[in-house]
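Enquirer:
There are 2 protein chains.
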Amino acid sequence: MDRDEARDILFNFIKEKSLRYTRQREEILQTFLSAGRHITVEELYNVLRKKNTGIGYATVHRNLKLMKECGLADEMKIGSDKTRFEQAYGQRHHDHLICMKCGRIIEVNDDRIERLQDKLAEVNNFFPLKHKLEIYGSCKKCR
Amino acid sequence: MDRDEARDILFNFIKEKSLRYTRQREEILQTFLSAGRHITVEELYNVLRKKNTGIGYATVHRNLKLMKECGLADEMKIGSDKTRFEQAYGQRHHDHLICMKCGRIIEVNDDRIERLQDKLAEVNNFFPLKHKLEIYGSCKKCR
DNA sequence: TTATTATTGATAATAATAATCAATATTAGT
DNA sequence: ACTAATATTGATTATTATTATCAATAATAA
Ligand SMILES: [Mn+2]
Ligand SMILES: [Mn+2]
Ligand SMILES: [Zn+2]
Ligand SMILES: [Zn+2]
Numbered sequence: 001m002d003r004d005e006a007r008d009i010l011f012n013f014i015k016e017k018s019l020r021y022t023r024q025r026e027e028i029l030q031t032f033l034s035a036g037r038h039i040t041v042e043e044l045y046n047v048l049r050k051k052n053t054g055i056g057y058a059t060v061h062r063n064l065k066l067m068k069e070c071g072l073a074d075e076m077k078i079g080s081d082k083t084r085f086e087q088a089y090g091q092r093h094h095d096h097l098i099c100m101k102c103g104r105i106i107e108v109n110d111d112r113i114e115r116l117q118d119k120l121a122e123v124n125n126f127f128p129l130k131h132k133l134e135i136y137g138s139c140k141k142c143r
Numbered sequence: 001m002d003r004d005e006a007r008d009i010l011f012n013f014i015k016e017k018s019l020r021y022t023r024q025r026e027e028i029l030q031t032f033l034s035a036g037r038h039i040t041v042e043e044l045y046n047v048l049r050k051k052n053t054g055i056g057y058a059t060v061h062r063n064l065k066l067m068k069e070c071g072l073a074d075e076m077k078i079g080s081d082k083t084r085f086e087q088a089y090g091q092r093h094h095d096h097l098i099c100m101k102c103g104r105i106i107e108v109n110d111d112r113i114e115r116l117q118d119k120l121a122e123v124n125n126f127f128p129l130k131h132k133l134e135i136y137g138s139c140k141k142c143r
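First to last, the sequence lines map onto chains A and B.
For the record, in the first sequence the residue sitting at position 111 is 111 according to the working numbering, with numbers rising by one throughout.
For the record, in the second sequence the residue sitting at position 33 is 33 according to the working numbering, with numbers rising by one throughout.
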């Protein structure tokens, strides 16, 4: 994702809602964009702490939620772990293979599955809005 | 699921592990079998409370976990709701359509999707053990 | 510069789940 | 049936993730 584009999205969202563009928001956005995918609030908070930004946990939490609101982040919950956030803007939908041994998360896509899911909903008179497919097992290394 | 068969499974599991077959366990099992699918600890606890069984919340919680251990129950977590339990013995695997308006849960199955999931794992050098497919949207009534 | 008010960061509240522990109940052995 | 051993219960507390609170501060517009 383009950094400037991401900043624009956040900035415009903030202006539209009469919110304020703070040093903390800029810092959290940049750090989030640099960080690995599927990061928790705690993990992002720890990265920011090492940078001596003095940003509090609550602020990280609040602003990841804000970034979700404006479409820059997606929220995901795996099992009963902590909520994870991943970059969403410019990313196409994908599902996840989750290694139960090392925690690695592999992003995958299968159009045939996507289409069959829509059909499955249809034959059940169900109007699908979103879905979650997670396959749990062990990855190559942990086999 | 056959009641006697279910009791046998629990009973044998308990004997194998040198545990004890208590009045509470029998009561919780029977009530769980009679209750609707995808029930929470709290919901089951409330049913038991109405029956004046005097069984505590912690005991319900512990024993639903036990029933999961012996294969009589499956645990599922939808979004950030409370954990739900459903009968597992004699039930084939299925996925869920979840109405975001009324909370209705429709159980579905599609062998083609199942097979494609296995292939998807395979091409990613991933060994699948279980999976979770949930489609969120609105049901017929809530359309 | 000033007034307004959104934001922050520390902390407390909430809520789901699990752990603790003394009292009690179950079980096996006699 | 009695006893000893110990698993279980139920009330309560602890833990953990998430969210709310609030006084101090910072961002924004006039
Ligand atoms: Mn992902
Ligand atoms: Mn089900
Ligand atoms: Zn792995
Ligand atoms: Zn509905």
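The beta-carbon is built from N, C-alpha and C at its ideal position, and this holds for glycine as well.
1. By the three-class DSSP mapping on this structure, what secondary structure does PHE32(B) have?
2. So if DSSP puts GLU75(B) in a beta bridge, which residue, or which two residues, is it bridged to?
3. Using the beta-carbon of each residue, find all residues closer than 5 angstroms to any heavy atom of ligand 3 and list them in chain order.
4. Taking C-alpha atoms, which residue in ILE78(B), ILE106(B), ASN52(B) and CYS70(B) lies nearest to TYR89(B)?
5. Since ASP110(B) meets chain A, which of its residues come closer than 7 angstroms, beta carbon to beta carbon?
6. With a cut-off of 8 angstroms, does the C-beta of LYS68(B) fall near any C-beta of chain A?
7. Would you list, in chain order, the members of the region 123–137 of chain A that have their beta-carbon closer than 8 angstroms to a beta-carbon of chain B?
8. Under 8 angstroms between C-beta atoms, does ARG143(B) make it to chain A?
9. Below 7 angstroms CB to CB, which residues in the same chain sit around TYR136(A) once its five sequence neighbours on both sides are set aside?
10. Is the Cβ of LEU10(A) closer than 8 angstroms to any Cβ of chain B?
11. Near ligand 1, which residues have their beta-carbon closer than 5 angstroms to a heavy atom?
Expert: Quick answer:
1. Note: PHE32(B) maps to helix in three-state DSSP.
2. DSSP, once it has assigned bridges, lists PHE85(B) as partnering GLU75(B).
3. Contact residues of ligand 3 (beta-carbon closer than 5 angstroms to any heavy atom; chain order) are CYS99(A), LYS101(A), CYS102(A), ARG104(A), CYS139(A) and CYS142(A).
4. Here the closest residue by C-alpha is CYS70(B).
5. LEU116 and LEU120, listed in chain order.
6. At least 8 angstroms separates the CB of LYS68(B) from every CB of chain A.
7. Listed by position along the chain: ASN124, ASN125, PHE126, PHE127, PRO128, LEU129, LYS130, HIS131, LYS132, LEU133, GLU134, ILE135, TYR136 and GLY137.
8. Yes, its Cβ sits closer than 8 angstroms to a Cβ of chain A.
9. Excluding sequence neighbours, TYR136(A) sits near ILE98 and MET100.
10. Not one chain B Cβ lies under 8 angstroms of LEU10(A).
11. Taking each Cβ in turn, the ones that pass are GLU86(A) and GLU107(A).
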